[in-house]
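**Q** Structure incoming, see below.
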Amino acid sequence: MKSGILPWFLIAAVVAIGAIASLVSGNAPQEAGPRQISYFRIATASPSGTYYPIGQLLAALISGPAESYCGEGGPCGVPGVVGLAEVSEGSVANLRAVNAGRIESGLAQGDLVDWAVRGVGSFAGEQRMRGVRAVANLYSEPFHLIVAADSGIQQVSDLAGKRLSIDQKGSGSFVEGMALLSAFGLTP
42 MKSGILPWFL IAAVVAIGAI ASLVSGNAPQ EAGPRQISYF RIATASPSGT
92 YYPIGQLLAA LISGPAESYC GEGGPCGVPG VVGLAEVSEG SVANLRAVNA
142 GRIESGLAQG DLVDWAVRGV GSFAGEQRMR GVRAVANLYS EPFHLIVAAD
192 SGIQQVSDLA GKRLSIDQKG SGSFVEGMAL LSAFGLTP
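The numbering used here runs 41 ahead of the 1-based position in the sequence shown.
This is the structure:
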């Protein structure tokens with residue numbers, strides 16, 4: 042990440058954790074005795090991508106070592122909550138899983154969240170997703186189209202008839218790649 046992006050990512054992560062804490066902890070007084078443990082799962086994507094390590098970071102911030110302190114900031118983590126990053130097929134699958142109540146949260150590209158809620162784009166023909174809400178915009182996600190320097194490809198239209206790798210189906214990169222091809226009148 043660029044150095045200017047890191048502070049915004051951390052601010053967004055803290056806001057997200059606060060929102061998550063308010064969702065899962067409730068306002069009920071704590072009773073004496075053993076503490077109830079709740080699990081807060083975060084659907085990510087492939088372990089080799091960006092979402093999985095970010096999900097692991099968020100899970101660690103949610104969990105925090107039990108009864109530990111973060112210097113002057115007070116207790117770490119959300120009491121009684123264990124965050125877990127889970128591997129998934131990516132943004133589209135995460136949105137569907139959260140909407141269906143199969144998982145508590147998931148990472149997804151902002152434009153795909155918008156499409157899912159409005160029932161357009163990759164979600165056209167499906168019911169609008171009313172069970173999802175955006176909690177935080179953690180970072181911007183540029184889409185890069187790269188080719189080998191000696192490929193002879195100079196513009197997107199030169200991709201016609203070429204073999205492409207656009208990530209796994211259901212990932213945000215796949216959806217973005219398909220939208221890019223479609224915008225240039227190309228089909229896979």
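Where is the CB? At the ideal position from N, CA and C, for every residue including glycine.
How about G121: is its Cβ closer than 6 angstroms to a heavy atom in the ligand FMN?
**A** Among the ligands in the structure shown, none appear at all, so the ligand FMN cannot be discussed.
**Q** For F81, count the other beta carbons within 10 Å of its own beta carbon; 16 or more makes it buried, fewer makes it exposed. Which is it?
**A** For the purposes of this step, residue 81 is taken as residue 40 along the sequence shown, with counting starting at 1. So F81 ends up on the buried side.
**Q** Around the C-beta of R76, are 16 or more other C-beta atoms found within 10 angstroms, so that it is buried, or is it exposed?
**A** As a working mapping, residue 76 is identified with position 35 in the sequence shown. That one is exposed.
**Q** Would you call the segment 163–173 and the segment 124–144 touching, i.e. three or more CB-CB distances under 8 angstroms?
**A** Touching, yes.
**Q** Which word fits G96, buried or exposed, when buried means at least 16 other C-beta atoms lie within 10 angstroms of its C-beta?
**A** Residue numbering aside, residue 96 sits at position 55 when the sequence shown is read from its first letter. Buried, by the Cβ-count rule.
**Q** Please state the DSSP three-state secondary structure of A126.
**A** Within the sequence shown, residue 126 is the residue found at index 85, counting from 1. Note: A126 maps to strand in three-state DSSP.
**Q** So the alpha helix (DSSP H) F81 belongs to, where does it begin and stop?
**A** For the purposes of this step, residue 81 is taken as the residue at position 40 of the sequence shown. Where F81 is concerned, there is no enclosing alpha helix (DSSP H), although the beta strand (DSSP E) it sits in stretches over 79–84.
**Q** Quick check for students: name the residue ranges of the alpha helix (DSSP H) that lie wholly in the segment 136–193, counting only runs of 4 or more.
**A** The qualifying runs are 151–159.
**Q** Please classify G213: does DSSP put it in a helix, a strand, or coil?
**A** Along the sequence shown, read from residue 1 onward, the residue named residue 213 stands at position 172. Helix at G213.
**Q** So, is Q195 buried or exposed, given that buried needs 16 or more other C-beta atoms within 10 angstroms?
**A** Taking the first residue of the sequence shown as 1, we reach residue 195 at position 154. When all chains shown are included, Q195 counts as exposed.
**Q** Taking A101 as the reference, give the member of P88, V197, C117 with the closest Cα.
**A** In the sequence shown, residue 101 corresponds to position 60, counting from 1. The candidate whose alpha carbon is nearest that of A101 is C117.
**Q** Taking the alpha helix (DSSP H) that S104 falls in, what are its first and last residues?
**A** Position 63 of the sequence shown, counted from the start, is the residue given in the question as residue 104. Run containing S104: 92–104, per the alpha helix (DSSP H) assignment.
**Q** Hey, how far is the Cα of S146 from the Cα of S212?
**A** In the sequence shown, the residue the question calls residue 146 occupies position 105. In the sequence shown, the residue the question calls residue 212 occupies position 171. Near 16 angstroms, if we compare the C-alpha coordinates of S212 and S146.
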